[in-house]
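Numbering (the numbering used here) for the sequence shown: 188 to 1361. Built from N, CA and C at the ideal position, the CB exists for glycine as well. Below is one structure, written out as structure tokens; comments come after it.
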Amino acid sequence: WADARLHCQSEGGDLVSINSPEEQGFIEFHVAYLNVWAVWTGGLDSYNGPDFFPDVIDAFDGGWRWSDGTPFNFVNWVDHPPGEPNNESDEDCMEIRSDTGLWNDVPCGGYYGYICERPDPAHINPYLTTSETGDHLGCPSGWFGWKNWCYYLPRKNHLVDYSEATQRCQSYGAELVSVLDQGEQDFIINTIFFDWASAEDVWIGLNDFETSNYFKWSDGSTVTYTNWNFNEPGGDGSGHCTKMYKFSGFWNNKDCSKELNYMCKMDKLPVNQAQQAVDGCPSGWQGNEASCYLFDITPSVWVNAEDYCSDVGGHLVTINNYFEQMYVTSQAAQTSHPDDGENFLIGLAAYLDSSGGLTYKWASGEPVTFTAWDKDEPGREDGMVGCITLDKDTGFWSQSRPVGCGSPGYRICEIPRTGYTTPMVPTPPSPNGNCPDGWYGWSNATFCYQIYINEMTDPTQQLNWETAKLHCESQGANLASIHSEQEETIITTGVTGADQSYAFWIGLKRQDDGMMGWSDKTPLSFTDWGNDEPNNHNGREECTEAYLSPDSQYWNDLNCDAARNWICKVERAYTPPTGTLSPQICGSDVDWVAYTSSYTQQQKCYYFANNPVKSWKSANDYCATLGGSLVTIQTLDEQEFVTARVGGGGCINALWIGMVQDGMNGPYVWIDGTPLTFENWIGGQPNDNNGKELCVLMYTYAGLWSDDNCGLPNGFICQKRTTATPGMPAPTPVVPGGCPAGWTTYGSKCYLEVGLTDNSLRKNWNDAEAYCNNNHAYLASVPNAYYNSFLTSQLFGATINIWIGFNAQGTSRTFKWSDNEDVTYTNWAPNEPNNSGGLYSYLEECGEIIWSSDKAGQWNDIPCTEVRPFFCNIFRSTEFSQDNNPAAPDCPPNHNFVQWDTGCYKTYTDMNGYKSWNDASMACANEGTQMASVWNVYEESFIHSMFWPQEGTTNFDSMWIGLNFQYNSSTGATSYQWSDGSPVVYTKWGTNEPQNPTNGQGCAHMDNKGLWYMNTNIGECSSMKLAYVCKHETCIYTVVIPPQTPGIGECEATWLPLGDYCYSIEFVMQRSFGDAGAECQSRMAYLASVHSDIENKALLSWLNEKTAWLGLKRNGWGGWDWVDGTAVDYTNWGESEPNNAGETGEACVEMYNNGKWNDNFCSNLRGYVCKKHK
């Protein structure tokens, strides 16, 4: 963008501005024929004003404006998705898309074509206006006068909507105020702040009533100036009227029904009486607060101007704050002619000290408490001193040239105002007391300093400017600002090693608008630049280093990413927090660095290790010995902190972080259980590489993430909390009450499913949220795994994913719930969230729950514009009856059964009623039911959701289900069956399950994670007491054809038939488990699953006494799953297997040459068996 603008300017123009629908149509017509996606325009939203009001300005970048200075009074933003401009990833420049002509904000560093525009010399510039002040014009009592106009602002709290404000102004013969230039803007800001005690914002006359998104003044004035707030004006169509913020003066388009104060404006009226003197000031002077000002357009040099002001009892003006600056600027603009290029002299001048530095002082002798320097000011040429001028149009200050203050300018004199109390000068910090431990300062100095020198001891511990600033701020201090030769001398005495010249970061930085300012917001009243500095070499030197030695001191501007020593500064009376006196403020752990996220306000300590390098597991074990773990990164600002700390340093280019893939094809998770609400993947990652890359590293140069082999050596980052270690929240008590009719109750919430069966009700994410809002609800949030399981159970029979309220719109890829609930749980699908959307890759900001059985209940991020069904949720309320869930007509009466699909379920969770598996089976039978069987993932999810406490239930960790097994000691085979006789078509085994039984029969239970475990010890099924779940099934399950029957269909040549399946045995090319699985899939098959003794014996005969991979692998919970998704309903482990031997664990299963199974390392090379349907 910057290069494009320079090219346009080199030809006498600028990047294009679009100021009307007609101009938009002209541009849109021409870009439609370009063979590009988009081109640059002159729109940008970086703040272009002075840092006068840091508490306000720091909150945002700036409103939208055109680079050529024309007003931003027409908008045509992209409305797909809604929310443009969204400023995602610092999008400060504007493109126009060639296919639609719509506008979008994008980062300024991209490369696009561009459109230049320059004035047509045959036409008069409509944005140049002139006005002459009449000799006998004035304003009514109670109105303020400025140039040719009168202004009225109600003194009392008159809050009205836009329509009423318009009518009131018109009743005075006026209109809502129009603002035509910076001078008028400054006058209005000053008037609002000083002449009205209320804190309300005010309506102004800008609106788009006539043409949507085309803003015009209600008094008919041409729009020649705009001053929009950050990311404004938006183009969502909701804000047709414009307000001005009282404190900052920025504009925002708002709903016209809001009630605010207002300002009116009209032309001055003829008056017949002589102009009266301003109260407390001589005739011809202007009054503001406690001062009188004379704006004199007689040109004179600075010395003569100060002599003149001194002769009338004052000095050239001293400007002490933002509001006085606004007043002086507005009056200067009013006094001089618009075409007059002369500026005004003020009382500030630069004085050369003994060391070559420049100290800035007011002619009045008052302290410098405020500055408003223009771009690249104050600079210096070798040996140059100077006097300061104020630009009448912008208010910015410049150091006059040539040497000796010989350039003439207009003058502004200031004297005290009679009868007004002079404002008290702020009390400077006290020089009394001692500096904190580790800090130093002279006995009569008001500040203390802390010096960090790593140049000779360990250069790798030097920091870039931003990280040095964060380090100082973490101690309640700032990077040092320097305001005098004496202060620079004090700091220099603290630099050790008198024979060395060290370079230190100080707090001076060039802002986006080119203006230099201190990071602690103090005025820039002293400089000590080296010769020909600052020079902003290659446009990349934004920060300032100070070279300090006993013999010489000077400053240089430098790239902010460079590594340097640094100096912190704090008031002498300040007492740092306990435990923050070491450089890294992590108690006595001097090798750790602390940081507090601005998003979470949570402080952590970080340890950055480049040597020695370690594998992922060894690195995490090492972090544990230090009381921590590998780092988790939760927010964008935390990512930026870590990137800045490691960026480009040393010979290590990657470091392990605390993220892993949770088992085979599992999601990526943080090892400390932190929810995954932020991601920073490099393009194309994670890719898993067929199960070979299960751990995550971060590249040092840009901080981007990638998955990689866990055994590779890398550097690493540890973390530990300075407060309590986070954990899963305690169960929230069930909210009493019921739900509206048609809603379903679960836990403390009510849920409404919309669009699963009726396609016409499906909506994009934002419309779905609006639908829920209209029903006094939000899109559903998911506080824990039990709620997720309940929602998953509702997807049985679905054929499309469903929206939930998880989204990252406007938060730089940090996900949050739309109903403002805390993020305490996530369940992303493998490789999600990946923000992968092709051309619209930056649009995957909304979350959905996946319906398909292989990933049911897992989450995915997709563009918010996709159309989906959705869940709404609200909390239960005593406003509704508790008995509002649909009746269960097919369930046994009077037994409190809950119906799901064709089954009826009842849990027995009272500890006094716990039973053994055998007794629980009999208790269910006595009620005409059976111990629960589980036919699919949706039913498993429903039963798992029953672990969450409901009315009348208690917490429990495990419960019996109807699964049992028979072990054949002669063959070693184990077969599984449900007690209700239904076939085993689905399993969800827990860690190391199903294991090798030790006796002839056993039973199974489900834990509170939904995982299944075998009970194999003798007597456990008759003595171990647990909660249990009974089931009454109204549907008869169709029995599948046993695999040993001939089956239907044929097998390809070289494939072996058995039942409904074909098998291929491969020993010529032995492969790892992952590569073998990929080869089977390339043949439209999977590594073989085994479901009976007959099938196991058939494979044994085909293996010809060789060992081969089967398709059994550990899942994300440590249990065993077949890779083809079928149930693990048969096992044939070898003796003492599976044993999970080795440091990295045995996660894949092979069949020995005797038919027994063994777990082994997945990287080993073996033959393998592929299997597919005939």
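Residue i: buried (16+ other C-beta within 10 angstroms of its C-beta) or exposed?
| i | result |
| --- | --- |
| CYS451 | buried |
| GLN1188 | exposed |
| LYS494 | The displayed chain sequence assigns Asp, not Lys, to residue 494. With fewer than 16 other Cβ atoms within 10 Å, it is exposed. |
| CYS1357 | buried |
| ARG832 | buried |
| HIS1192 | buried |
| GLY534 | buried |
| THR546 | buried |
| PRO1184 | buried |
| ASP307 | exposed |
| ASP1262 | buried |
| HIS1278 | buried |
Pull the bridge partners of residue i from the DSSP assignment, please.
| i | result |
| --- | --- |
| CYS937 | THR932 and ILE1061 |
| SER947 | Answer is none; SER947 lacks a bridge partner. |
| ALA733 | PHE691 and TRP742 |
| ARG1353 | ARG1258 |
| ALA841 | TYR886 |
| LYS801 | ASN901 |
| TYR1200 | HIS1192 |
| GLY925 | SER1064 |
| CYS1249 | PRO1244 and LYS1359 |
| ASN1341 | ASN1341 pairs with nothing; no bridge assigned. |
| LEU363 | CYS451 |
| MET1118 | CYS1217 |
| ILE638 | ILE754 |
Residue i and residue j look like a contact to me (Cβ under 8 Å); what is the Cβ gap, rounded to whole Å?
| i | j | result |
| --- | --- | --- |
| ASP483 | CYS600 | 7 Å |
| TRP330 | TYR339 | 5 Å |
| LYS1293 | GLY1354 | 6 Å |
| ALA1160 | TYR1339 | Incorrect: roughly 14 Å between the Cβ atoms, too far for contact. |
| ASP282 | THR228 | Residue identity check: residue 282 is Glu in the sequence provided, not Asp. Going by Cβ atoms, the distance from GLU282 to THR228 rounds to 7 Å, so yes, they are a contact pair. |
| SER1132 | TYR973 | 5 Å |
| ILE839 | VAL818 | The pair is not a contact, with the Cβ atoms about 15 Å apart (cut-off 8 Å). |
| TYR627 | GLY681 | 5 Å |
| TRP438 | GLU419 | 7 Å |
With a CB to CB cut of under 6 Å and the five nearest residues on each side skipped, what residues in its chain are close to residue i?
| i | result |
| --- | --- |
| ALA1043 | THR979 and VAL1124 |
| TYR401 | PRO208, PHE261 and ASP395 |
| ILE677 | TRP629 and ALA632 |
| HIS658 | none |
| PRO1244 | CYS1238 |
| TYR965 | CYS959, GLY992, SER1005 and ASP1006 |
| ALA760 | SER617 and GLY620 |
Enumerate in chain order the residues of its own chain whose CB-to-CB distance from residue i is below 8 Å, with the five nearest sequence positions on each side excluded.
| i | result |
| --- | --- |
| SER1028 | Interpretation of SER1028 is limited by its pLDDT of 48, a score under 50 that renders its predicted location unreliable; no figure is taken from the coordinates. |
| ILE1037 | ASN988, ALA1016, ALA1043, GLY1044, GLN1045, TRP1046 and ASN1047 |
Quick check: the Cα distance between residue i and residue j, rounded to an integer number of angstroms?
| i | j | result |
| --- | --- | --- |
| TRP1176 | TYR639 | 56 Å |
| THR1241 | ALA1295 | 17 Å |
| ILE379 | VAL366 | 14 Å |
| GLU215 | THR287 | 8 Å |
| ASN798 | GLY902 | 7 Å |
| ARG598 | ASP373 | 19 Å |
| ASP719 | GLY582 | 26 Å |
| ASN725 | PHE1002 | 38 Å |
| THR864 | PRO1020 | 9 Å |
| GLU1337 | SER1251 | 15 Å |
With a threshold of 7 Å on Cβ separation, who are the neighbours of residue i within its own chain once the five nearest residues in sequence on each side are excluded?
| i | result |
| --- | --- |
| ALA749 | ASN651 |
| THR919 | Reliability of the predicted coordinates at THR919 is poor, the pLDDT of 48 falling under 50, and no value is obtained from them. |
| ALA967 | TYR938, LEU978, ILE991, GLY992, PHE1058, CYS1059 and ASN1060 |
| ALA352 | LEU363, TRP390 and TYR449 |
| ASN1347 | GLU1333, CYS1335 and GLU1337 |
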